[in-house]
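Report on the structure given below.
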Amino acid sequence: MATAFEVERAPRPLSAYVHAKRAGNMLFLSGCGPRIPATNQVPGGSLVTPEGAPAEYDITAQTHQVFDNIELILKDSGAGLLDIVDIQSFLVDLPRNFKHYNAVYEERMRGVKSTRTTMYVVEHVSTATHAPGQVDQYYVCD
């Protein structure tokens, strides 16, 4: 039997899904972007100005927020970073953001021996909605 987790301390899902679901020993986390739970805002600035022009943003702040959110979800689901088996990372502007994202990843994932795939995407759900961010991640844990 599977157990679903809706984590009150994490950003609300953008649609009809749960933050995490445990099936046997495996824990699957839904994609999680950089929204701050209390405000639903993305730290480090938006991707675009109110006029729709590209804006400056801080990928480092956004990446740290993703990890903060993931750690909340893991903890409230009975897991931790050391339980992570696989990570799929989605970056909207890989050439610009990869080195900054990777620096935060190395800092926050020190000692965690998981697999990881980093993908360059044109847009992801949090970019296409009211909460645009540059990074999103999906996790599988055991």
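Counted the way the numbering used here counts, the sequence shown spans residues -5 to 136. Positions of the beta carbon are idealized from the N, C-alpha and C atoms, including for glycine. Computed from a prediction, not measured in an experiment: that's the story for all the values here.
{"Check": "Alpha-carbon to alpha-carbon, VAL98 and PRO28", "Outcome": "13 Å"}
{"Check": "PRO37 and ALA55 closer than 8 Å at C-beta", "Outcome": "yes"}
{"Check": "Neighbour-count burial assignment, THR121, 16 or more Cβ in a 10 Å radius", "Outcome": "Confidence at THR121 is low in this model, with a pLDDT of 44, below 50, so its placement is unreliable and no value can be given for it."}
{"Check": "Selected residue, minimal CA-CA separation from ILE67, among PRO89, CYS26, ASP52", "Outcome": "CYS26"}
{"Check": "Length of the line joining the Cα atoms of HIS124 and SER40", "Outcome": "For HIS124, the pLDDT reaches just 44, beneath the cut-off of 50, and the residue's location in the model is therefore unreliable, although a value from the coordinates is still provided. Those two C-alpha atoms are separated by around 10 Å."}
{"Check": "Beta-carbon separation (whole angstroms), ASN91 vs ILE53, contact threshold 8 Å", "Outcome": "4 Å"}
{"Check": "Pair within 8 Å by beta-carbon distance, LYS15 and ALA32", "Outcome": "no"}
{"Check": "Cβ shell of GLN59 (< 6 Å), same chain only, five flanking positions each side left out", "Outcome": "PRO28, PRO37"}
{"Check": "Three-state class that DSSP yields for TYR114 in the structure shown", "Outcome": "strand"}
{"Check": "Proximity winner among ASN63, ALA47, VAL42, TYR51, relative to ARG6 (alpha-carbon distances)", "Outcome": "ASN63"}
{"Check": "For LYS93 and ASP70, the rounded distance between their alpha carbons", "Outcome": "30 Å"}
{"Check": "Distance CB(LEU21)-CB(ALA73) smaller than 8 Å", "Outcome": "yes"}
{"Check": "Nearest-angstrom Cβ-Cβ length linking LEU76 and TYR114, presumed shorter than 8 Å", "Outcome": "Wrong, their Cβ atoms sit about 28 Å apart, outside the cutoff."}
{"Check": "Close beta carbons around PRO126, own chain, < 8 Å, minus the five adjacent residues each side", "Outcome": "Residue placement at PRO126 is poorly supported in this model, since its pLDDT is 49, which falls under 50; the coordinates are not used for a value here."}
{"Check": "Three-state class that DSSP yields for THR43 in the structure shown", "Outcome": "coil"}
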